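A.B. asks:
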DNA sequence: GTCAATGCAAAATCTTTGCATTTTT
DNA sequence: AAAAATGCAAAGATTTTGCATTGAC
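Chains as they are written, first to last, in full-length UniProt numbering: chain A, 1 to 153; chain B, 1 to 153.
In structure tokens, the structure reads:
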């Protein structure tokens with residue numbers, strides 16, 4: 001499988017866009033942290049360690065580009081920040097974003113893969129004629145540790 | 001059942017807060033449009049028709065208050081705007097937010113009630129020990145009309 | 001060399017805050 | 001009369017944009 005970086009470079013060339021250090025650095029920053037959910041500012045800080053001259057505007061522009069190319073997903077975990085993460089979909093396959101479990105105790109965000117939503121999607125299709133293409137699920141609650149902590153008290 | 005407005009007034013009094021025209025007007029604006037998903041600015045414009053002197057800051061402050069009291073839900077439908085809607089939960093009952101179906105064709109947002117997620121929640125509980133308290137589901141796709149339109153072409 | 005991308009600073013959005021004044025209780 | 005809420009304008013925060021310069025092809 002070609003890694004995301006190669007895929008990105010390919011897509012750029014296909015579109016007549018240029019493969020710049022900044023663009024590659026930004027994708028790399030995200031790629032190295034697959035389960036982090038980074039804000040634009042955080043990405044900026046990370047890339048700055050390697051390339052101190054990069055501008056925040058470039059980060060925003062590249063993020064937008066990556067989202068359009070479906071290489072990253074835009075997230076809203078309810079804390080008021082817009083976050084991004086590397087997409088985990090297999091190329092042509094229907095983009096099935098994973099689900100997020102947000103712990104109300106420690107604030108950690110876990111991810112969860114599962115296609116149990118297919119049943120739900122089918123029901124929606126039948127009853128409402130709505131054709132589902134993609135979905136996003138957030139569950140709020142308490143992670144194992146925090147749940148245990150709460151029971152003790 | 002006491003309507004939302006009375007409930008709001010009660011809660012305000014319980015907390016030693018004051019029942020002002022502005023607060024009631026804002027709740028009313030939301031209550032009269034149960035399935036709209038309004039932005040702060042839109043709420044401001046609506047209330048301004050009745051009470052032209054209201055300030056945007058008051059709208060923001062009241063929205064925050066209503067959200068804290070669980071009378072309204074904060075939504076993020078992926079269009080970059082923060083939106084609000086009247087909650088539909090029955091008092092003490094577990095808050096079960098309804099799901100949103102977002103049409104990629106016409107942009108309309110439909111709502112969908114269903115507890116098919118219970119299965120998913122149970123599975124998460126078993127496999128990961130994560131205790132789910134609340135959830136939020138967004139489905140992206142094409143509504144009946146837009147799906148038909150797309151098949152024709 | 002050409003055209004796109006970058007960095008910077010300024011502008012545009014959206015939301016919050018401080019404070020004098022008004023309103024509720 | 002006391003305390004809280006309001007409106008306004010200013011300040012914050014986040015994201016976008018214009019433009020001269022730089023870099024990829």
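Think of the CB as a built atom: it goes at the ideal place given N, C-alpha and C, for glycine as much as any other residue.
Remember, predicted model here, so these are calculated numbers, not experimental data.
Can you give me the Cβ contacts of residue 18/B inside the same chain, cut-off strictly under 8 Å, excluding the 5 residues immediately before and after it?
C.D. replies: Cβ within range, chain order: 12.
A.B. asks: Determine whether the Cβ of residue 143/B lies closer than 8 Å to any Cβ atom of chain A.
C.D. replies: Answer yes: the Cβ-Cβ gap between residue 143/B and chain A drops below 8 Å somewhere.
A.B. asks: With burial defined as no fewer than 16 other Cβ atoms inside 10 Å of the residue's Cβ, what is the status of residue 83/B: buried or exposed?
C.D. replies: Classification for residue 83/B: buried.
A.B. asks: Residue 119/A: buried (16+ other C-beta within 10 angstroms of its C-beta) or exposed?
C.D. replies: Residue 119/A comes out exposed.
A.B. asks: Quick one: which residues of the stretch 58-83 of chain A get their C-beta closer than 7 Å to a C-beta of chain B? List them in chain order.
C.D. replies: Those residues of the stretch 58-83 of chain A that come within reach of chain B (Cβ to Cβ, closer than 7 Å) are 76.
A.B. asks: Taking Cβ-Cβ distances shorter than 7 Å, what residues in chain B pair up with residue 216/A?
C.D. replies: The displayed coordinates of chain A run from 1 to 153. Any statement about residue 216/A would go beyond what the structure contains.
A.B. asks: Compute the Euclidean distance between the alpha carbons of residue 29/B and residue 81/B, then round it to the nearest angstrom.
C.D. replies: Rounded to the nearest angstrom, the two C-alpha atoms are 18 Å apart.
A.B. asks: May I ask you to report which of helix, strand or coil DSSP gives residue 19/A?
C.D. replies: In the structure shown, residue 19/A sits in coil (DSSP, three-state: anything other than H, G, I, E or B).
A.B. asks: What three-state label does DSSP hand residue 53/B in the structure shown?
C.D. replies: Residue 53/B falls in the coil class under three-state DSSP.
A.B. asks: With DSSP as the reference, label residue 65/A as helix, strand or coil.
C.D. replies: Residue state, collapsed to three classes: helix.
A.B. asks: For residue 93/B and residue 77/A, what's the separation of their Cα atoms in angstroms?
C.D. replies: With a pLDDT of only 49 at residue 93/B, under the threshold of 50, the placement of this residue in the model should not be trusted, and no figure is reported.
A.B. asks: So which of 61/A, 108/A, 121/A has the shortest CA-CA distance to residue 146/A?
C.D. replies: With distances taken between Cα atoms, residue 146/A lies closest to 108/A.
A.B. asks: Could you give the first and the last residue of the continuous beta strand (DSSP E) run that contains residue 73/B?
C.D. replies: Residue 73/B -> beta strand (DSSP E) spans 72-76.
A.B. asks: Under 9 Å Cβ-Cβ, which residues of chain A neighbour residue 11/B?
C.D. replies: Chain A residues near residue 11/B: none, gap ~22 Å exceeds 9 Å.
A.B. asks: Is DSSP giving residue 92/B helix, strand or coil here?
C.D. replies: Bear in mind that the predicted position of residue 92/B carries a pLDDT of just 46, short of 50, making it unreliable; the figure below should be weighed with that in mind. Looking at residue 92/B - three-state DSSP - the assignment turns out to be coil, as it is neither helix nor strand.
A.B. asks: Can you pull the chain A neighbours of residue 153/B, defined as C-beta to C-beta under 9 Å?
C.D. replies: Per Cβ cutoff of 9 Å: no residues; residue 153/B is ~14 Å from chain A at best.
A.B. asks: Tell me, please, whether the CB atom of residue 123/A is closer than 8 Å to any CB atom in chain B?
C.D. replies: Output row for residue 123/A: interface = yes.
A.B. asks: Report, in whole angstroms, the separation of the C-beta atoms of residue 73/A and residue 47/A, which I expect to be a contact under 8 Å.
C.D. replies: Their Cβ separation, rounded to whole angstroms, is 19 Å, which puts residue 73/A and residue 47/A out of contact at 8 Å.
A.B. asks: Is there a Cβ from chain B that is less than 8 Å from the Cβ of residue 170/A?
C.D. replies: Since the first and last residues shown for chain A are 1 and 153, residue 170/A lies out of range.
A.B. asks: Between residue 70/B and residue 149/A, what straight-line distance do the alpha-carbon atoms span, to the nearest angstrom?
C.D. replies: Distance between the alpha carbons of residue 70/B and residue 149/A: 25 Å.
A.B. asks: With a threshold of 7 Å on Cβ separation, who are the neighbours of residue 140/B within its own chain once the five nearest residues in sequence on each side are excluded?
C.D. replies: If we look at residue 140/B and ignore the five residues flanking it on each side, its Cβ neighbours are 102, 104.
A.B. asks: With burial defined as no fewer than 16 other Cβ atoms inside 10 Å of the residue's Cβ, what is the status of residue 16/A: buried or exposed?
C.D. replies: The residue in question, residue 16/A, is exposed, as its Cβ has fewer than 16 Cβ neighbours within 10 Å.
A.B. asks: Which residues does DSSP pair with residue 117/A in a beta bridge?
C.D. replies: Paired residues: none, contrary to the question.
A.B. asks: Just to check my reading of the structure: residue 22/B and residue 54/B have Cβ atoms closer than 8 Å, yes? What is that Cβ distance to the nearest angstrom?
C.D. replies: Between residue 54/B and residue 22/B the Cβ distance is about 5 Å, and since that is below 8 Å, they are a contact.
A.B. asks: Could you tell me whether the Cβ atoms of residue 132/B and residue 125/B are closer together than 8 Å?
C.D. replies: Yes; because the gap between Cβ atoms is below 8 Å, this pair is in contact.
A.B. asks: What whole-angstrom Cβ distance do residue 144/A and residue 128/B have, given they're in contact under 8 Å?
C.D. replies: That pair is a contact at about 7 Å.
A.B. asks: In chain order, what residues of the same chain have a beta carbon less than 8 Å from the beta carbon of residue 7/A, not counting five sequence neighbours either side?
C.D. replies: Contacts found: 71.
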